[in-house]
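Student:
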Amino acid sequence: MISVQDVYLKYPAAKDDTIQGISFTVEQGEIFGFLGPSGAGKSTLQKILTGVLRQYRGSVRVLDVEINTRKSSFYENIGVDFEFPNFYGKFTALENLRGFASLYSAKIADIMLLLEKVGLHHDADKKVGKYSKGMKMRLGFVRCLMHNPKLLFLDEPTSGLDPANARVLKDMILEEKTRGKTIILTTHNMHDAEELCDRVAFIVDGKIQAIDTPHALRQSGDDTTVEYSFAKNRQESKNICLLSELGASEDFRTVLDAGTLTRIHSKEQTLEDVFIALTGRSLQ
Amino acid sequence: MRFFSALKGDIRYHIKYGFYFLYMFISALYIIGLFMCPYEYKGFAASIIILTDPAMLGSFFIGGIWLLERQEGLHRFWGISPLKPLEYVLSKAVSLAFISALSAVLIVAIGLQETHNYLLLTASVFMGSVVFNIIGLIIASYARSVNHYMLIAIPPVTLLTVPSLLTAFGSIHPLLEISPGTALWRMIGYSLGIADTPVLWVWGVQVLFAALGLYYANCRIPAAMQTEGNQKA
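Taken in sequence, the protein lines are chains A and B. Each position in the first sequence, counted from 1, maps to that position plus 204 in this note's numbering. Each position in the second sequence, counted from 1, maps to that position plus 1208 in this note's numbering.
1) Is it the case that the Cβ atoms of A:I387 and A:I235 are separated by a distance below 8 angstroms?
2) Have a look at A:S448 and A:T429 and give me their C-alpha separation to the nearest angstrom.
3) Quick one: any contact between the segment 1248-1268 of chain B and the segment 1301-1316 of chain B, if contact means 3 or more CB pairs under 8 angstroms?
4) Counting only beta-carbon separations shorter than 8 angstroms, does A:E280 have a partner in chain B?
5) Just checking my contact of B:G1319 with B:A1254 at CB under 8 angstroms: how many whole Å lie between their CB atoms?
6) Can you tell me whether A:S448 is helix, strand or coil according to DSSP?
7) To which residues of the same chain is A:G384 closer than 6 angstroms at the C-beta, ignoring the five residues directly before and after it?
8) Once you ignore the five residues that flank A:A397 on each side, which residues in its own chain have a CB closer than 8 angstroms to its CB?
9) Please report the straight-line C-alpha distance between A:R371 and B:V1333, rounded to a whole angstrom.
10) Can you name the residues of chain B whose CB is closer than 9 angstroms to the CB of A:F291?
11) Do the segment 446-463 of chain A and the segment 363-382 of chain A make contact, defined as three or more Cβ pairs closer than 8 angstroms?
12) Spatial neighbours of A:A229 within its chain, please: CB distance less than 6 angstroms, with the 5 preceding and 5 following residues excluded, ordered by chain position.
13) Counting only beta-carbon atoms, is A:D455 nearer than 8 angstroms to chain B?
14) Using the beta-carbon of each residue, which ones in chain A are nearer than 9 angstroms to B:R1210?
15) A:F295 versus chain B: which residues are under 9 angstroms apart at the beta carbon?
16) On the criterion of 16 or more Cβ atoms from any shown chain inside 10 Å, does A:H351 qualify as buried, or is it exposed?
17) Give me the subset of the segment 1245-1259 of chain B whose CB atoms are less than 9 angstroms from a CB atom of chain A, sorted by chain position.
18) Between B:I1429 and chain A, is the shortest Cβ-Cβ distance under 8 angstroms, so that the two count as touching?
19) State the start and end residues of the unbroken beta strand (DSSP E) segment that holds A:G262.
20) If we call anything under 8 angstroms between Cβ atoms a contact, is B:L1328 one with B:S1399?
21) Given B:I1219, which residues of its chain have a CB within under 6 angstroms of its CB, disregarding the five upstream and five downstream residues?
22) Quick check on B:G1271 - is its C-beta less than 8 angstroms from some C-beta in chain A?
23) Taking its Cβ as the centre, do 16 or more other Cβ atoms sit within 10 Å of B:C1427, making it buried, or is it exposed?
24) Taking 8 angstroms as the CB-CB limit, is B:S1213 close to chain A?
25) In the DSSP assignment, what are the bridge partners of A:L465?
26) Quick one: list the residues of chain B neighbouring A:T273, beta-carbon separation under 8 angstroms, in chain order.
27) Under 7 angstroms, CB to CB, which of the residues in the segment 1283-1308 of chain B have a partner in chain C?
28) Looking at C-beta atoms only, is the number of pairs between the segment 1277-1297 of chain B and the segment 1357-1369 of chain B that lie closer than 8 angstroms three or more?
29) For A:E270, which beta-bridge partners are listed by DSSP?
30) Quick one: complete alpha helix (DSSP H) runs, 4+ long, within the segment 319-384 of chain A?
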């Protein structure tokens, strides 16, 4: 579906390459995440993949097309959900969507049904200028789905959403995956990446530092530790040991036998922990 | 087909954002002005009004539309939509030319109340307006703000307007004839019965400027959309 080989991109005004030798592939039906802090090159990479930036070096093939030779018809098959929503403020949601839909030759999905799914059906006739950021985000998501594209680019799709609406959107993303859609998710939200992505790529300073499944990345590096608390002299004390050594731990067995164990937690690495360990940078 | 969808969308945009109302309001003011104008100057006054307002005003309005769309972030969407840059430019230029032609016909029909060559008038204003709108769009694509647009639009618009006004007031020079403004005034003037029959050259100038403008805009507009958000590529 996507094949990126040794890609570099330099903005004319920049001193150095913003994208520096990136290579990866994405299979059909996969949810692939780009995880990295602001300014890492995620948006630039997405602009290359969507054919907006075409002055790259290397090879970028998307939907079997070298992206710098793409035609306008290429956009019939991709849907892009922007981080910052863009609509005609004086048009209603329905007018906006119908207007944009008329530019595609594909059969358009039932717009009202999609609006209902994201909870905007009661506001379909409301001017978008009066929408909140969260409502615009949901509307943007509907727009990127309505022409039934094969490939979706989602840039921070849950940004500005309350937990309930974020849940709805994430379920819809997973639903699209089950329909065979390929999804590129750009985010600095590790929870979204962990929950949604089959694989993630850590991007820092225009380079991919690691690519793997979220599970494999979390398992890499330090072993999982266990923190347990126990009562001692009418006070709570804590102890930490490796999960793999818990069974053999004399201290833990003593506490367990004495019946003084009060709490026990396994402490797995989060994607953010792995990210920091690998890159020395925070995701925010 | 996609071009017509875009055209329909742009016309709806003009209605919603008040462009039709604005044109009609301006037309009404000019019609009142023509009613008050002495009979012997009415034709000439109408030709200047149509030349400088309905036909050329679009070049300023199209800049406003471009900047408004940019403010609403819509250029990012156009950059990843199946709409071709040429379709985008033509849709913008043609949709505004519709209002210009409508406004010109109204001014002449109500303000002059005489039978004129409405078909030529409509075609002339429409064609001239398309040329000026494309030029306006190209200029707007270099503007950082409305004020900046007004500033950078003045020299080229003056360059396009002055030759036509000099011609209208009787100056004759071969250089004036290569201006699309002059060509437009000759076409408007003839349709109102105050200028000689326009030669093929006049149409040729309009077609040439439309073709050159479209060619340049087709390269410039995608590049301008791409460089938005302070990202130069």
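Glycine is no exception: its CB is placed at the ideal position from the N, C-alpha and C atoms.
Tutor: If we stick to the structure as given:
1) Taking the first residue of the first sequence as 1, we reach residue 387 of chain A at position 183. Taking the first residue of the first sequence as 1, we reach residue 235 of chain A at position 31. In this structure, A:I235 lies closer than 8 angstroms to A:I387 by Cβ.
2) For the purposes of this step, residue 448 of chain A is identified with residue 244 of the first sequence, where counting begins at 1. For the purposes of this step, residue 429 of chain A is identified with residue 225 of the first sequence, where counting begins at 1. Distance between the alpha carbons of A:S448 and A:T429 is about 8 angstroms.
3) yes
4) Your numbering for residue 280 of chain A matches position 76 in the first sequence. Yes, A:E280 counts as interfacial toward chain B.
5) Indexing the second sequence from 1 puts residue 1319 of chain B at position 111. Indexing the second sequence from 1 puts residue 1254 of chain B at position 46. Right, their Cβ atoms sit about 6 angstroms apart.
6) Taking the first residue of the first sequence as 1, we reach residue 448 of chain A at position 244. Note: A:S448 maps to helix in three-state DSSP.
7) Counting from 1 along the first sequence, the entry for residue 384 of chain A is found at position 180. Only G233 meet the Cβ criterion.
8) Position 193 of the first sequence, counting from 1, holds the residue named residue 397 of chain A. Cβ neighbours of A:A397 beyond the five flanking positions: G237, L239, L389, T391, V404, P418, L475.
9) Numbered from 1 along the first sequence, position 167 holds the residue referred to as residue 371 of chain A. Numbered from 1 along the second sequence, position 125 holds the residue referred to as residue 1333 of chain B. Answer to the nearest angstrom: the Cα atoms are 55 angstroms apart.
10) Looking up residue 291 of chain A in the first sequence gives position 87. The answer, in chain order, is E1280, G1281, L1282, F1285.
11) no
12) Within the first sequence, numbered from 1, the residue matching residue 229 of chain A stands at position 25. Looking at the sequence provided, one finds Thr at residue 229 of chain A rather than Ala. S207.
13) Residue 455 of chain A sits at position 251 when you count from the first residue of the first sequence. No, because no Cβ of chain B sits closer than 8 angstroms to the Cβ of A:D455.
14) One-based indexing of the second sequence puts residue 1210 of chain B at position 2. Within chain A, the residues near B:R1210 are S276, S306, L307, Y308, S309.
15) Within the first sequence, numbered from 1, the residue matching residue 295 of chain A stands at position 91. Result: R1220, Y1221, K1224.
16) By 1-based counting over the first sequence, the position of residue 351 of chain A is 147. Per the 10 Å Cβ criterion, buried.
17) none
18) Translated into positions along the second sequence, residue 1429 of chain B becomes position 221. No, B:I1429 lies away from the interface with chain A (no Cβ there is under 8 angstroms from its Cβ).
19) Locating residue 262 of chain A in the first sequence gives position 58, counting from the first residue. Residues 261-266.
20) Position 120 of the second sequence, counted from the start, is the residue given in the question as residue 1328 of chain B. Position 191 of the second sequence, counted from the start, is the residue given in the question as residue 1399 of chain B. Yes, the pair counts as a contact, with Cβ atoms nearer than the cut-off.
21) Taking the second sequence and counting its residues from 1, the one referred to as residue 1219 of chain B is at position 11. Within the same chain, B:I1219 has close Cβ partners S1303.
22) In the second sequence, counting from the first residue as 1, residue 1271 of chain B sits at position 63. Not one chain A Cβ lies under 8 angstroms of B:G1271.
23) In the second sequence, residue 1427 of chain B corresponds to position 219, counting from 1. With fewer than 16 Cβ atoms within 10 Å of its Cβ, B:C1427 is classed as exposed.
24) Translated into the one-based positions of the second sequence, residue 1213 of chain B becomes position 5. Cβ-Cβ to chain A under 8 angstroms: yes for B:S1213.
25) Here residue 465 of chain A refers to the residue found at position 261 when the first sequence is read from its first residue. A:F434.
26) On the first sequence, position 69 is the one that residue 273 of chain A refers to. Going along chain B, no residue has its Cβ under 8 angstroms from A:T273, so there is no contact; the nearest lies around 15 angstroms.
27) Absent here is chain C; the protein component of the structure consists of chains A and B.
28) no
29) Sequence index remark: in the first sequence, residue 270 of chain A carries index 66 (1-based). Note: A:E270 sits in a beta bridge opposite A:R265.
30) 337-349, 367-382
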